[in-house]
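**Q** So for the sequence shown, full-length UniProt numbering puts the first residue at 1; every next one is plus one. Even for Gly, the Cβ is constructed at its ideal location relative to N, Cα and C.
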Amino acid sequence: MDKELIALLVGNSNSRFSGVTSTMLQTLPYQQELMPLRVLGAHHLPDTSIAISFKQARKLLKQSTGPVVFHARRNDEMIQALILKHVFGANLKIVFTSTAQRYHSGLTRWLINRMDGVISTCQAAASYMVRKPDVIIPHGIHSDKYVRATNRQAILAKWQIVTPHVLGIFGRVRAQKGVHLFVRGCIAQLKNNPNFTALVVGAIKPEDKPFADSLQREIDAAGLTQRIRILGEQPFAALPELFSVMDLVCALSNNEGFGLTVLEAMSSGAAVLATEAGAWPEVVRQGVDGLVVPVENQQAVNGALAQLLANPGKLAEMGINGRARIEAHYQVQTEAKALCDFFKRVASS
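(1) Please state whether DSSP places Ser15 in a helix, a strand or coil.
(2) In this structure, how does DSSP classify Leu231 when only helix, strand and coil are distinguished?
(3) With DSSP run on the structure shown, which of helix, strand or coil describes Ala274?
(4) Going by the CB atoms, is the gap between Met35 and Ala7 shorter than 7 angstroms?
(5) Can you give me the C-alpha to C-alpha distance between Arg102 and Val162, rounded to a whole angstrom?
(6) Given a cut-off of 7 angstroms, decide if Leu248 and Leu181 are closer than it, judged by their beta-carbon atoms.
(7) Val39 by DSSP, collapsed to three states: which one?
(8) Run the CB neighbour count on Pro194, radius 10 Å, all protein chains shown included, and call it buried at 16 or more, exposed below.
(9) Which residue from Lys209, Val130 and Ala203 puts its Cα closest to that of Asn113?
(10) Would you mind sorting Thr151 into buried or exposed? The rule is 16 or more other CB atoms within 10 Å of its CB.
(11) Relative to the C-alpha of Lys145, which residue among Ile204, Lys85, Pro67 and Ala238 is closest?
(12) Within the continuous beta strand (DSSP E) that includes Ile169, where are the two ends?
(13) Could you check the C-alpha separation between Met1 and Glu264 for me, to the nearest Å?
(14) To which residues of the same chain is Ala279 closer than 7 angstroms at the C-beta, ignoring the five residues directly before and after it?
(15) Rounded to whole angstroms, what is the Cα-Cα separation between His329 and Gly140?
(16) By DSSP, does Ala316 sit in helix, in strand, or in coil?
(17) Exposed or buried, which one is Asn192 when buried takes at least 16 other CB atoms within 10 Å?
(18) In whole angstroms, what separates the C-alpha of Val10 from that of Pro281?
(19) Mark Asp289 as exposed unless 16 or more other C-beta atoms lie within 10 angstroms of its C-beta, in which case mark it buried.
(20) Please name the residue or residues paired with His71 in a DSSP beta bridge.
(21) Express the C-alpha separation of Gln80 and Lys55 in angstroms, rounding to a whole number.
(22) Can you tell me whether Phe96 is buried or exposed? The criterion is at least 16 other CB atoms within 10 Å of its CB, across all chains shown.
(23) Look at the Cβ atom of Ala336, then the Cβ atom of Tyr128, and state whether they are nearer than 7 angstroms.
(24) Quick one: using the 10 Å Cβ neighbour count with 16 as the cut-off for buried, is Ile52 buried or exposed?
(25) Return the first residue and the last residue of the alpha helix (DSSP H) that Phe196 is part of.
(26) Tell me the DSSP bridge mates of Val118?
(27) Mind checking which residues open and close the alpha helix (DSSP H) that includes Gly178?
(28) Tell me the residue span of the beta strand (DSSP E) that contains Ala251.
(29) Would you identify the three-state DSSP class for Gln160, choosing helix, strand or coil?
(30) Which residue comes first and which comes last in the alpha helix (DSSP H) that contains Met309?
(31) Report yes if the C-beta distance between Val166 and Leu215 is below 7 angstroms; otherwise report no.
(32) Could you tell me the alpha carbon to alpha carbon distance between Arg74 and Arg172, rounded to whole angstroms?
(33) Could you say which of Val245, Pro206, Glu207 and Gly178 lies nearest to Leu273 if we only look at CA atoms?
(34) What residue from Ile155, Ala212, Arg229 and Pro210 has the CA that sits closest to Cys186's CA?
Laid out in structure tokens, this is it:
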């Protein structure tokens with residue numbers, strides 16, 4: 001590894017796949033085109049040739065002739081960076097990205113105060129920070145991956161959907177994601193609307209199985225077993241296909257860091273119904289791309305669903321508007337460039 005080959009070291013400390021992991025993996029290929037980089041940890045990397053260990057990082061940074069930016073997204077990554085910088089004398093500039101919509105712990109605040117640069121992904125997350133971020137860089141997605149289906153009828157048939165319209169909710173099946181709000185809202189609306197099928201797509205962990213089972217009993221009791229379907233976890237590669245046929249995607253969490261589901265839905269040409277969680281109120285234009293409702297409010301969800309499902313033509317219009325918004329403001333290439341531009345400013349400061 002040549003000493004000229006690194007300007008950016010990206011933290012990757014978590015063996016569990018998470019939303020943070022996903023955003024790191026999505027921006028990485030574009031960052032590689034803009035800055036020579038390595039990743040500290042091989043977890044989930046499709047190309048492990050760019051991964052290095054802590055020991056290798058120490059050696060590489062010792063050889064470096066100029067400052068290297070360490071991008072941390074977690075507490076332990078900030079700690080790794082501070083050890084490299086202050087214990088082993090590495091010429092590092094450390095940048096932390098905060099997405100949490102909650103007040104940080106004392107330890108996290110202490111670590112953030114030792115950063116050379118701080119990023120947040122939306123104004124809502126930034127409002128919880130004692131040390132305000134230097135820049136807001138929203139997440140982006142692969143808009144060429146999440147697109148409207150050109151073979152919609154074939155996909156509907158593949159998933160055994162016989163109604164002309166589909167709505168869904170994506171993410172782990174648990175109360176925090178508002179799946180109960182979705183299911184109960186669909187029970188209220190689909191009894192008198194035969195044109196829609198509702199899908200629940202996401203992992204059911206053992207601790208959440210009683211929750212999922214209770215929702216299934218409610219669906220069965222309403223006589224809607226064939227039209228409100230809990231699909232469970234699906235292969236990651238199948239998700240763009242499911243998004244591509246959605247008329248409406250609901251994102252009803254009571255809290256989120258950022259929440260990529262809404263971006264993926266809008267990119268796929270679906271209207272969205274979202275709660276005031278994560279970055280969603282900043283992303284979704286009320287009445288233009290969809291509707292935004294308060295968190296944990298079944299009445300508001302029911303009312304919004306009634307309004308949206310009554311007018312499939314309006315859903316299609318919202319989907320077109322949402323796709324255009326993603327193309328203009330929320331592409332992963334835009335995020336990667338903004339990150340690298342900020343890293344270069346920090347490195348030269």
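**A** Inspection of the coordinates gives the following:
(1) Counting from one through the sequence shown, the residue named residue 15 turns up at place 15. Residue state, collapsed to three classes: coil.
(2) For the purposes of this step, residue 231 is identified with residue 231 of the sequence shown, where counting begins at 1. Leu231 falls in the strand class under three-state DSSP.
(3) Within the sequence shown, numbered from 1, the residue matching residue 274 stands at position 274. In the structure shown, Ala274 sits in a strand (DSSP, three-state: E or B).
(4) Within the sequence shown, numbered from 1, the residue matching residue 7 stands at position 7. Within the sequence shown, numbered from 1, the residue matching residue 35 stands at position 35. In this structure, Met35 lies closer than 7 angstroms to Ala7 by Cβ.
(5) To locate residue 102, count along the sequence shown from 1; it is residue 102. To locate residue 162, count along the sequence shown from 1; it is residue 162. Rounded to whole angstroms, Arg102 to Val162 spans 42 angstroms at the Cα level.
(6) To locate residue 181, count along the sequence shown from 1; it is residue 181. To locate residue 248, count along the sequence shown from 1; it is residue 248. Contact: no.
(7) As a working note, residue 39 is residue 39 in the sequence shown. In this structure, Val39 counts as strand in the three-state DSSP scheme.
(8) Here residue 194 refers to the residue found at position 194 when the sequence shown is read from its first residue. So Pro194 ends up on the exposed side.
(9) The residue given as residue 113 occupies position 113 in the sequence shown. Among Lys209, Val130 and Ala203, the Cα nearest to that of Asn113 belongs to Val130.
(10) Position 151 of the sequence shown, counted from the first residue, corresponds to residue 151. This sequence places Asn at residue 151; Thr is not what is there. Burial call: exposed.
(11) Mapped onto the sequence shown, residue 145 falls at position 145. Residue Ala238 is the option with its Cα nearest to Lys145.
(12) Along the sequence shown, one-based indexing puts residue 169 at 169. Annotation for Ile169: the continuous beta strand (DSSP E) segment containing it runs His165 to Phe170.
(13) Your numbering for residue 1 matches position 1 in the sequence shown. Your numbering for residue 264 matches position 264 in the sequence shown. Low local confidence applies: a pLDDT of 42 at Met1 is under 50, so the model's placement there is unreliable, with the coordinate-based value given in what follows. Between the C-alpha atoms of Met1 and Glu264 there is a straight-line separation of about 37 angstroms.
(14) In the sequence shown, residue 279 corresponds to position 279, counting from 1. Excluding sequence neighbours, Ala279 sits near Thr121, Cys122, Ala124, Pro138, Phe258 and Gly259.
(15) For the purposes of this step, residue 329 is identified with residue 329 of the sequence shown, where counting begins at 1. For the purposes of this step, residue 140 is identified with residue 140 of the sequence shown, where counting begins at 1. Approximately 8 angstroms, taken between the alpha carbons.
(16) For the purposes of this step, residue 316 is taken as residue 316 along the sequence shown, with counting starting at 1. It is helical.
(17) Along the sequence shown, one-based indexing puts residue 192 at 192. The residue is exposed, with fewer than 16 neighbouring Cβ atoms inside 10 Å.
(18) Position 10 of the sequence shown, counting from 1, holds the residue named residue 10. Position 281 of the sequence shown, counting from 1, holds the residue named residue 281. Each residue's alpha carbon lies about 29 angstroms from the other.
(19) Against the sequence shown, residue 289 aligns to sequence position 289. With 16 or more Cβ atoms within 10 Å of its Cβ, Asp289 is classed as buried.
(20) As a first step, residue 71 is located in the sequence shown; it is residue number 71 there, counting from the start. Answer is Val10 and Val95.
(21) Residue mapping note: residue 55 aligns to position 55 of the sequence shown, counting from 1. Residue mapping note: residue 80 aligns to position 80 of the sequence shown, counting from 1. The alpha-carbon of Lys55 is positioned some 11 angstroms away from that of Gln80.
(22) Your numbering for residue 96 matches position 96 in the sequence shown. Looking at its Cβ environment, which holds 16 or more other Cβ atoms inside 10 Å, Phe96 is buried.
(23) Taking the first residue of the sequence shown as position 1, residue 336 is located at position 336. Taking the first residue of the sequence shown as position 1, residue 128 is located at position 128. No, the pair does not count as a contact, with Cβ atoms beyond the cut-off.
(24) Locating residue 52 in the sequence shown gives position 52, where the first residue counts as 1. Under this definition Ile52 is a buried residue.
(25) Translated into positions along the sequence shown, residue 196 becomes position 196. The continuous stretches of alpha helix (DSSP H) do not include Phe196, which lies in the beta strand (DSSP E) extending over residues Phe196 to Val201.
(26) As a working mapping, residue 118 is identified with position 118 in the sequence shown. Val118 is bridged to Phe96.
(27) In the sequence shown, counting from the first residue as 1, residue 178 sits at position 178. Counting along the chain, Gly178 falls outside any alpha helix (DSSP H), and DSSP gives it neither H nor E.
(28) Here residue 251 is taken as the residue at index 251 of the sequence shown, counted from 1. Looking at the DSSP string, the run of the beta strand (DSSP E) that includes Ala251 is Leu248 to Ala251.
(29) On the sequence shown, residue 160 is found 160 positions in, with the first residue counted as 1. In this structure, Gln160 counts as coil in the three-state DSSP scheme.
(30) As a working note, residue 309 is residue 309 in the sequence shown. The question names Met, but residue 309 is Leu in the sequence shown. Start and end: Gln298 to Leu309.
(31) For the purposes of this step, residue 166 is taken as residue 166 along the sequence shown, with counting starting at 1. For the purposes of this step, residue 215 is taken as residue 215 along the sequence shown, with counting starting at 1. Going by C-beta atoms, Val166 is not nearer than 7 angstroms to Leu215.
(32) For the purposes of this step, residue 74 is taken as residue 74 along the sequence shown, with counting starting at 1. For the purposes of this step, residue 172 is taken as residue 172 along the sequence shown, with counting starting at 1. Arg74 and Arg172: Cα-Cα distance of roughly 21 angstroms.
(33) Along the sequence shown, one-based indexing puts residue 273 at 273. Nearest of Val245, Pro206, Glu207 and Gly178 to Leu273, Cα basis: Gly178.
(34) On the sequence shown, residue 186 is found 186 positions in, with the first residue counted as 1. The candidate whose alpha carbon is nearest that of Cys186 is Arg229.
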